[in-house]
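Student: Here it is, the structure, as structure tokens.
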Amino acid sequence: MRIKAFANMNKFAMAGIRQLFDEESSTYTYLLWDTTTKDAVLIDPVDTKVDRDLQAVKSENLSLRYGINTHAHADHITGTGILKQKVQGLKSIISKASKAKADIHVEPGHKIEFGKHHLTVRATPGHTEGCVSYVSDDETMVFTGDALLIQGCGRTDFQGGSASTLYDSVHNQLFTLPEDCIVYPAHDYKGRTSSKIGIEMKTNPRLGGGKTKDEFVEIMKNLNLSYPKKIDVAVPANMRCGIPDP
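So the sequence shown is numbered by my numbering: it starts at 2 and just counts up by one.
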């Protein structure tokens, strides 16, 4: 199990963060909290890792307010449904554009508050039509889901995906952030934990280094990726806030 813990990072003063990893789906879950009020949020939880996440919440003596998803994932079932059963008062959050069930549906510009901090919602569709990224209140970090990965990006061939749309999302919504803004993706398959906007702008082999939209579309068209193993189970469940088939 890979867990990284940080506190008082950069200018995101008086905030804590833990990055937790699910080996089966290579998914990163992020626990963020206000170190003064102890209010916390959990980004992209995985159903099989809920007990681990709640242990992290307990170890920091936190009050978990929201379970947040960047999109309706195809490779795992979100943990928000189970979290709602185990944590009194917890609310689930996903974008309105995802058309998935949740207690709160967010749109671009909305702010998710925890203690004195907040995350701002940016629409970053293209991997799916409902993808959003969450930017810290001081723009020192961004949680990009599958829109922007470390030296890559999410596939665009299902769930309303569009390579052209993803290119615009990344260039207009993410590459406009400060270059030293830390990129925290929903997945990594090579043991990497984060990147920076400036690095991805310069060196991302799909989206950076001056790649044109036409070049990107051609790259994505020729990936020849296999059908996701869990998509037929995960997507329907995630459209119901992580509730599997009856």
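From the three backbone atoms N, C-alpha and C, an ideal C-beta is built for every residue, glycine too.
According to DSSP, is TYR63 helix, strand or coil?
Tutor: The residue you call residue 63 lines up with position 62 of the sequence shown. Note on residue identity: the sequence assigns Leu, not Tyr, to residue 63. Residue state, collapsed to three classes: coil.
Student: How about GLU201 and LEU149: do their beta carbons lie closer than 9 Å?
Tutor: For this step, residue 201 is matched to residue 200 along the sequence shown. For this step, residue 149 is matched to residue 148 along the sequence shown. Cβ atoms of GLU201 and LEU149: closer than 9 Å.
Student: Is the beta carbon of ILE94 less than 9 Å from the beta carbon of ILE78?
Tutor: What you label residue 94 is simply residue 93 of the sequence shown in a count that begins at 1. What you label residue 78 is simply residue 77 of the sequence shown in a count that begins at 1. Their beta carbons are not under 9 Å apart, which means ILE94 does not touch ILE78 by this criterion.
Student: Excluding the five sequence neighbours on either side, which residues of its own chain have a C-beta within less than 6 Å of the C-beta of LEU33, listed in chain order?
Tutor: In the sequence shown, the residue the question calls residue 33 occupies position 32. Result list for LEU33: ILE18, VAL42, in chain order.
Student: Within 10 angstroms of the Cβ of ILE198, are there 16 or more other Cβ atoms? Answer buried if so, exposed if not.
Tutor: Reading the sequence shown from its first residue, position 197 is the one you call residue 198. Looking at its Cβ environment, which holds 16 or more other Cβ atoms inside 10 Å, ILE198 is buried.
Student: Could you check the C-alpha separation between LYS50 and GLY80 for me, to the nearest Å?
Tutor: Looking up residue 50 in the sequence shown gives position 49. Looking up residue 80 in the sequence shown gives position 79. Taking the straight line joining both Cα atoms gives about 7 Å.
Student: Which residues bound the beta strand (DSSP E) around GLY17?
Tutor: Indexing the sequence shown from 1 puts residue 17 at position 16. Its beta strand (DSSP E) spans residues 16-23.
Student: If contacts are defined as beta-carbon pairs under 8 Å, then ALA98 and GLY131 qualify, I think. What distance do you get, rounded to the angstrom?
Tutor: Counting from 1 along the sequence shown, the entry for residue 98 is found at position 97. Counting from 1 along the sequence shown, the entry for residue 131 is found at position 130. About 4 Å separates the beta carbons of ALA98 and GLY131, which is inside the 8 Å limit, making them a contact pair.
Student: Tell me where the alpha helix (DSSP H) around PRO237 begins and ends.
Tutor: Here residue 237 refers to the residue found at position 236 when the sequence shown is read from its first residue. Start and end: 232-240.
Student: Rounding to the nearest angstrom, what Cα-Cα distance links VAL122 and PRO186 in this structure?
Tutor: Working through the sequence shown from its first residue, we reach residue 122 at position 121. Working through the sequence shown from its first residue, we reach residue 186 at position 185. Going from the Cα of VAL122 to the Cα of PRO186 covers about 15 Å.
Student: Would you mind stating whether HIS72 and GLY192 have Cβ atoms separated by less than 9 Å?
Tutor: As a working mapping, residue 72 is identified with position 71 in the sequence shown. As a working mapping, residue 192 is identified with position 191 in the sequence shown. In this structure, GLY192 does not lie closer than 9 Å to HIS72 by Cβ.
Student: Where do the ends of the alpha helix (DSSP H) carrying LYS92 lie?
Tutor: Here residue 92 refers to the residue found at position 91 of the sequence shown. Element bounds for LYS92: not the alpha helix (DSSP H) but the beta strand (DSSP E), 92-96.
Student: If you reduce the DSSP assignment to three classes, tell me which class PHE7 lands in.
Tutor: Along the sequence shown, read from residue 1 onward, the residue named residue 7 stands at position 6. Residue placement at PHE7 is poorly supported in this model, since its pLDDT is 45, which falls under 50; the coordinates still yield a value, given next. DSSP places PHE7 in strand when its eight states are reduced to three.
Student: What is the DSSP secondary structure of SER99, counted as helix, strand or coil?
Tutor: As a working mapping, residue 99 is identified with position 98 in the sequence shown. SER99 falls in the helix class under three-state DSSP.
Student: Put ARG123 into one of helix, strand or coil per three-state DSSP.
Tutor: Stepping through the sequence shown from its first residue, residue 123 is reached at position 122. DSSP places ARG123 in strand when its eight states are reduced to three.
Student: Assuming contact is defined by CB atoms lying nearer than 9 Å, are THR36 and ASP54 in contact in what I supplied?
Tutor: The count along the sequence shown starts at 1 and reaches residue 36 at position 35. The count along the sequence shown starts at 1 and reaches residue 54 at position 53. Not a contact, by the Cβ cut-off of 9 Å.
Student: Is LYS203 buried or exposed, if buried means 16 or more other CB atoms sit within 10 Å of its CB?
Tutor: On the sequence shown, residue 203 is found 202 positions in, with the first residue counted as 1. Result: exposed.
Student: Pairing CB atoms from the stretch 156-176 with CB atoms from the stretch 225-238, are three or more of them under 8 Å?
Tutor: yes
Student: According to DSSP, is TYR31 helix, strand or coil?
Tutor: Here residue 31 corresponds to residue number 30 of the sequence shown, with the count starting at 1. The answer is strand: DSSP assigns TYR31 an E or B state.
Student: ALA41 lies in the beta strand (DSSP E); which residues open and close that run?
Tutor: Here residue 41 refers to the residue found at position 40 when the sequence shown is read from its first residue. 40-44 is the span of the beta strand (DSSP E), which, as asked, contains ALA41.
Student: Measure the C-alpha to C-alpha separation of ILE69 and PRO206 and round it to an integer number of angstroms.
Tutor: Taking the first residue of the sequence shown as position 1, residue 69 is located at position 68. Taking the first residue of the sequence shown as position 1, residue 206 is located at position 205. Near 29 Å, if we compare the C-alpha coordinates of PRO206 and ILE69.
Student: Just the C-alpha distance for LEU1 and GLY210, rounded to the nearest angstrom, thanks.
Tutor: This structure gives no information on residue 1, because the portion of the chain shown stretches from 2 to 247.
Student: For PHE115, report the span of its beta strand (DSSP E) as first-last.
Tutor: Walking along the sequence shown from the start, residue 115 turns up at place 114. Element bounds for PHE115: 112-115.
Student: Please give the ranges of any alpha helix (DSSP H) in the stretch 163-191, keeping only runs that are unbroken, at least 4 residues long and fully inside the region.
Tutor: 164-170
Student: Mind checking whether SER64 and THR38 have CB atoms under 9 Å apart?
Tutor: Position 63 of the sequence shown, counted from the start, is the residue given in the question as residue 64. Position 37 of the sequence shown, counted from the start, is the residue given in the question as residue 38. Taking 9 Å as the Cβ cut-off, SER64 and THR38 qualify as a contacting pair.
Student: Just mark THR177 as buried or exposed, buried being the case when its beta carbon has 16 or more other beta carbons within 10 Å.
Tutor: To locate residue 177, count along the sequence shown from 1; it is residue 176. Looking at its Cβ environment, which holds fewer than 16 other Cβ atoms inside 10 Å, THR177 is exposed.
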